[in-house]
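Read through the structure below, which is laid out as structure tokens, and then see the notes.
Numbering (full-length UniProt numbering), first residue to last: 1 to 113.
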């Protein structure tokens with residue numbers, strides 16, 4: 001079995017593990033956005049390879065705050081502290097206080113404060 005990962009049609013080699021079965025993108029940035037394809041091909045088989053796609057979309061909400069001492073930033077989604085969410089990989093508070101949302105989709109509609 002040969003597993004190949006592609007991003008926007010280009011082969012991906014970084015972040016692969018478990019015999020290429022898993023692609024991990026630690027601390028994604030805007031340059032990681034795109035369409036990812038995982039293709040599994042059985043050597044010597046006449047069957048077409050099996051493929052799966054994922055669209056990685058990253059969105060940053062800017063926050064600018066200044067003061068002495070430096071203010072701490074806490075983000076809320078629909079009045080719930082984002083830090084309390086079970087899916088902690090979905091949201092990331094950046095060093096400048098901005099909120100990064102990974103894999104932005106329709107389910108992420110709401111009020112961010």
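All residues carry an ideal CB built from backbone N, CA and C; glycine is no exception.
- Message: Pop quiz: residue 123 and residue 59 are said to be a contact at Cβ under 8 Å. What is the actual Cβ separation, rounded to whole angstroms?
- Response: One cannot answer for residue 123 here, as it falls past the ends of the chain, which runs 1 to 113.
- Task: Entirely within the UniProt domain "Ig-like" (61-113) and at least 3 residues each: give me those beta strand (DSSP E) ranges in chain order.
- Result: If we require 3 residues or more, the beta strand (DSSP E) runs fully inside the UniProt domain "Ig-like" (61-113) come out as 91-93, 99-102.
- Take residue 38 and list the residues in its own chain whose beta-carbon comes closer than 6 Å to its own, dropping the five residues that flank it on each side. For the purposes of this step, residue 38 is taken as residue 38 along the chain shown, with counting starting at 1. So the list reads 5, 52, once near-sequence residues are dropped.
- Message: In the DSSP assignment, the beta strand (DSSP E) including residue 25 goes from what residue to what residue?
- Response: On the chain shown, position 25 is the one that residue 25 refers to. For residue 25, no beta strand (DSSP E) segment is defined, and its DSSP state is neither H nor E.
- Query: Which first and last residues belong to the beta strand (DSSP E) in which residue 55 is found?
  - Reply: If you number the chain shown from 1, residue 55 lands on position 55. Looking at the DSSP string, the run of the beta strand (DSSP E) that includes residue 55 is 50-56.
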